[in-house]
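S.K.: Numbering (the working numbering), first residue to last: 5 to 499. All C-beta atoms in this analysis are idealised placements derived from N, C-alpha and C, irrespective of residue type, glycine included.
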Amino acid sequence: MSRRDRQDGAFAIMFIPLLIVMIGFCGLAIDAGLIYNRKVDVYGIAKAAALAAARELNGTPAGIAAARAAAKETAEALRYQHYNGGATVSWSDDALSFSDSSDGNGAWIASASAGGSSSATLSGLYFARVDTAQLAPEIGAVNTFFMRILASSLSSIQVSDSAVAGRTSLNVTPIGVCAMSSDAAAVRTASSGASTLSELVQYGFRRGVSYDLMNLNPVTGSTAPLRFAVNPDAARAAAGHSFGVSDLEPFVCSGSMWAQHLTGRAVRVSELPSSSPLASLRPALNTRFDLYGGTACTPRGAPPDVNIKAYAYDLAGEVKWMSPNSGSRSAERANSRNKIETVADVTDPPASPGMYGPLWAFARAVQAPSPLTTPEPASGYTSFAAGKWPDLYKSGPTAPSYPSNPPYQSGVASSGHYVAPSAANRPLAVPRRRVLNIPLLECLSASPSGTNTQATVKGIGKFFMTVQATDETLIAEFAGLASEQSLSGQVELFP
Numbered sequence: 005m006s007r008r009d010r011q012d013g014a015f016a017i018m019f020i021p022l023l024i025v026m027i028g029f030c031g032l033a034i035d036a037g038l039i040y041n042r043k044v045d046v047y048g049i050a051k052a053a054a055l056a057a058a059r060e061l062n063g064t065p066a067g068i069a070a071a072r073a074a075a076k077e078t079a080e081a082l083r084y085q086h087y088n089g090g091a092t093v094s095w096s097d098d099a100l101s102f103s104d105s106s107d108g109n110g111a112w113i114a115s116a117s118a119g120g121s122s123s124a125t126l127s128g129l130y131f132a133r134v135d136t137a138q139l140a141p142e143i144g145a146v147n148t149f150f151m152r153i154l155a156s157s158l159s160s161i162q163v164s165d166s167a168v169a170g171r172t173s174l175n176v177t178p179i180g181v182c183a184m185s186s187d188a189a190a191v192r193t194a195s196s197g198a199s200t201l202s203e204l205v206q207y208g209f210r211r212g213v214s215y216d217l218m219n220l221n222p223v224t225g226s227t228a229p230l231r232f233a234v235n236p237d238a239a240r241a242a243a244g245h246s247f248g249v250s251d252l253e254p255f256v257c258s259g260s261m262w263a264q265h266l267t268g269r270a271v272r273v274s275e276l277p278s279s280s281p282l283a284s285l286r287p288a289l290n291t292r293f294d295l296y297g298g299t300a301c302t303p304r305g306a307p308p309d310v311n312i313k314a315y316a317y318d319l320a321g322e323v324k325w326m327s328p329n330s331g332s333r334s335a336e337r338a339n340s341r342n343k344i345e346t347v348a349d350v351t352d353p354p355a356s357p358g359m360y361g362p363l364w365a366f367a368r369a370v371q372a373p374s375p376l377t378t379p380e381p382a383s384g385y386t387s388f389a390a391g392k393w394p395d396l397y398k399s400g401p402t403a404p405s406y407p408s409n410p411p412y413q414s415g416v417a418s419s420g421h422y423v424a425p426s427a428a429n430r431p432l433a434v435p436r437r438r439v440l441n442i443p444l445l446e447c448l449s450a451s452p453s454g455t456n457t458q459a460t461v462k463g464i465g466k467f468f469m470t471v472q473a474t475d476e477t478l479i480a481e482f483a484g485l486a487s488e489q490s491l492s493g494q495v496e497l498f499p
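See the structure below:
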C-alpha cells in the first residue's frame, strides 16, 4: 500500500467524526434560530400590546376597559411561528397589568382588579405592562430538532418576554399663570328679569372672556403682574436643575412638557422678565397662526391651527358678531380691588362696552352645575344663549349676529370668522392648536418669586389664543379646565 493510500484512509477516518460535529453545530444553529425568532415574536407581541394599552389609559375605569380591549385587539392581530401562515395569538387579560410607575419591578395591579381601584389609584395608572409568560404556553413553546439529542429536557424550550409602556409627556404649555382664586369652581350671579343667572367661574376665570395672561396678579396689594416659565422637564426639575426661558422654545412650539403628572404637584418655575416677557417665546407661540419667522420650529413639529383667523377687537369689523364692532384686544385691566384683574371680574360695570374685549370667540359662558363639584360631561356644561349678554356683561357689548356655533368653528371664509393656513401647511393643520393648556399656579397662599423656585399646580386651564402673541402680551380666551387625563402626550416603551 502506497503512502498516498494510507493518507486517504486517515482523512476518511477523521472526516466521519468531523462530519458528525458539523451536523451537530448546524442542528444547534437551526434550533437557536428557532428560539431567537420566537423570542422576537413574543417581544413584538409584548411591545405592541403594551403600547396599545398605554395609549388608552386616562385615569378612569373606562380607560382601563379600553386598554384591555386595545391590548387584546392588537395581540390577536399578530402572528407567531411564521411558517404555514403562522399561528394567531390567544390573548388573556392575565398578561396585562397597570402601574403609576415605569419600574418593571415595582407594584403592578392586575388587569382584572385595576378597574375596581379607588379614584385616587386610577388617576395615576398611566403605565401598562404585558408579560407573555401569562399567555397560553404554546405561544412561547419551541420544539427543538437537535438539542433534544443532548437532553430530553431540551426537547421543548419555553421563551417569554415582557414590555412596559406609558406616557412620557403631557400636552401642557410650560407657561404658568396664577390661579385668580383658590376655588376650583364658584358661582357668579346676575339678575335677568325676575330670575337669577348662575355662571360658573373656575379658579377666578370666566369662560368666554379674553385675558392678557401677562397682566394678571391675584395677590392683594400687588402692583406688578405675575407670569412664569415652567421647567418642562419634570425629572430635571425634581433634581433642582436650573433652566433658562429660551430653553422652553421647542416645548412651547409643541405645547408639551416632559411630565407624567402636574395637577396638585410641585413644579419649578422662574418669573418671566419684567420687560418683554415673551420676547424669546413669541415666535414659538405664533406657529399656531402659521407664522414661523424667528423660530427653529417647523410646521411638522409645530403645525398651524386649521383656523388662523385673528379676532382682533381693536380693529373695526374684525369681530363681526359683536356690537360695538371694535373695542379692546382683551378685557381691560381693573385695579378696584387692589389686585391686577379685569373689568370682567369685578362687579362694577366698565366705562364703555368695548372694555370687555372680544367675547365667546371659542367658548360660551356656562351655567354653574349643581352641585358645583359635578364633573364636566363630555358634551360640556349647559351654556348660556347669546341673548343673555346684557345680563352677564353689565354695560357691555351685545351679540346681534352670534352664530349657532362659536365663531372659531365656522370653517367658511365668507363668514368672516375663518382663515385657512397656507396651502403648503394646510395638510398639516391641527384643530384647536390655538388652545394653550396652561398650568394655574398657587399664588395666594405662597406666591412664587425669583428663578428656579417651587410652585404648586392647582389645575390646568384651557386658553384659546384670540390673536397672535407679542413680546408683551399673550391674549387668550378662557375655555374651562382640562383634566390631566385628557392631556396625555407621547406614549413610549421603557427598558
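Kindly list the residues whose CB is nearer than 6 Å to the CB of Thr224, restricted to its own chain and excluding five residues on each side of it in sequence; keep chain order.
M.R.: These residues qualify, in order along the chain: Asn342 and Lys343.
S.K.: What residue does the beta strand (DSSP E) around Ile464 start on, and which one ends it?
M.R.: Segment Thr457 to Met469, the beta strand (DSSP E) holding Ile464.
S.K.: List the DSSP bridge partners of Tyr215.
M.R.: Partner(s): Ala480.
S.K.: Report back the beta-carbon spacing between Ser4 and Tyr406 to the nearest angstrom; my notes put them in contact at under 8 Å.
M.R.: Outside the shown range of the chain (5 to 499) lies residue 4, about which nothing can therefore be said.
S.K.: I'd like the list of long-range same chain contacts for Val163, defined as Cβ closer than 7 Å, with 5 residues on each side in sequence excluded.
M.R.: If we look at Val163 and ignore the five residues flanking it on each side, its Cβ neighbours are Ile39, Arg42, Lys43, Val46, Gly144 and Val146.
S.K.: Taking Cβ to Cβ, would you say Ala335 is nearer than 7 Å to Gly361?
M.R.: Their beta carbons are under 7 Å apart, which means Ala335 touches Gly361 by this criterion.
S.K.: Would the segment 322-341 and the segment 176-191 be scored as touching if the rule is three or more Cβ pairs under 8 Å?
M.R.: No, because fewer than three Cβ pairs between the segment 322-341 and the segment 176-191 fall closer than 8 Å, the two stretches do not touch.
S.K.: In or out: Asp98 buried (at least 16 other Cβ within 10 Å) or exposed?
M.R.: Exposed.
S.K.: What are the complete alpha helix (DSSP H) segments, minimum 4 residues, inside the segment 126-194?
M.R.: Those alpha helix (DSSP H) runs which fall completely within the segment 126-194 and span 4+ residues are 141-144 and 151-154.
S.K.: When we look at the beta-carbon of Leu289 and count the other beta-carbons within 10 Å, is it buried (16 or more) or exposed?
M.R.: Result: buried.
S.K.: Taking Cβ to Cβ, would you say Phe209 is nearer than 7 Å to Phe482?
M.R.: In contact: Phe209 and Phe482 (Cβ atoms closer than 7 Å).
S.K.: Return the first residue and the last residue of the beta strand (DSSP E) that Ile442 is part of.
M.R.: Taken as a continuous stretch (DSSP letters only), the beta strand (DSSP E) holding Ile442 covers Val439 to Leu445.
S.K.: Are the beta-carbon atoms of Ala390 and Ala382 separated by less than 7 Å?
M.R.: It is not a contact, given that the beta carbons lie outside the stated cut-off.
S.K.: Does DSSP put Asp504 in a helix, in a strand, or in coil?
M.R.: There is simply no residue 504 to check, as the chain begins at 5 and stops at 499 in what is shown.
S.K.: So, with DSSP's three-state summary, where would you put Ala70?
M.R.: DSSP places Ala70 in helix when its eight states are reduced to three.
S.K.: Report yes if the CB atom of Thr386 is closer than 7 Å to the CB atom of Gln371, and no otherwise.
M.R.: In this structure, Gln371 lies closer than 7 Å to Thr386 by Cβ.
S.K.: Give me the Cα-Cα distance between Lys313 and Gly463, rounded to the nearest whole angstrom.
M.R.: Distance between the alpha carbons of Lys313 and Gly463 is about 28 Å.
S.K.: Can you name, in chain order, every residue of its own chain whose Cβ lies under 8 Å from the Cβ of Pro394, other than the five neighbours on each side?
M.R.: Cβ within range, chain order: Gly400 and Thr402.
S.K.: Just how far apart, CA to CA, sit Ala348 and Thr193?
M.R.: Each residue's Cα considered, the two are about 13 Å apart.
S.K.: So what does DSSP say about Gln489, is it helix, strand or coil?
M.R.: Helix.
S.K.: What are the residues that DSSP puts in a beta bridge with Asp309?
M.R.: DSSP, once it has assigned bridges, lists Val434 as partnering Asp309.
S.K.: Buried or exposed: Ile161, going by 16 or more other Cβ atoms within 10 Å of its Cβ?
M.R.: Counting Cβ neighbours within 10 Å, Ile161 comes out buried, since at least 16 surround it.
S.K.: Roughly how far, in whole angstroms, is the beta-carbon of Leu82 from the beta-carbon of Val134, given that I think they are within contact range, below 8 Å?
M.R.: Contact doesn't hold; Cβ gap of about 12 Å is too wide.
S.K.: Taking the alpha-carbon of Lys324 as reference, which of Gly119, Met218, Phe255 and Ser419 has the nearest alpha-carbon?
M.R.: The shortest C-alpha separation from Lys324 is found at Ser419.
S.K.: Hey, how far is the Cα of Val310 from the Cα of Ala198?
M.R.: C-alpha separation (whole angstroms): 42 Å.
S.K.: Under the DSSP definition of a beta bridge, which residues are partnered with Trp325?
M.R.: Answer is none; Trp325 lacks a bridge partner.
S.K.: So what does DSSP say about Leu363, is it helix, strand or coil?
M.R.: The answer is strand: DSSP assigns Leu363 an E or B state.
S.K.: What is the DSSP secondary structure of Glu203, reduced to helix, strand or coil?
M.R.: The answer is strand: DSSP assigns Glu203 an E or B state.
S.K.: From what residue to what residue does the alpha helix (DSSP H) around Glu3 run?
M.R.: The requested residue 3 does not occur in the structure, where the chain is confined to residues 5 to 499.
S.K.: Please report the Cβ distance between Gln458 and Ala270, rounded to the nearest whole angstrom; I am assuming they are in contact, meaning their Cβ atoms lie under 8 Å.
M.R.: Sure, about 5 Å apart at Cβ, within 8 Å.
S.K.: How is Thr291 classed by DSSP in three states: helix, strand or coil?
M.R.: Residue state, collapsed to three classes: helix.
S.K.: If you draw a straight line from the C-alpha of Ala242 to the C-alpha of Thr267, how long is it?
M.R.: Distance between the alpha carbons of Ala242 and Thr267 is about 15 Å.
S.K.: DSSP state of Phe232, grouped into three classes?
M.R.: Three-state result, Phe232: strand.
S.K.: Ignoring anything shorter than 3 residues or poking outside the segment 230-273, list the beta strand (DSSP E) runs there in chain order.
M.R.: Here the runs fully enclosed are 231-234.
S.K.: Which class does Arg59 belong to by DSSP, given the choice of helix, strand or coil?
M.R.: Looking at Arg59 - three-state DSSP - the assignment turns out to be helix.
S.K.: For Glu275, write down the residues that DSSP places opposite it in a beta bridge.
M.R.: Its beta-bridge partners are Phe232.
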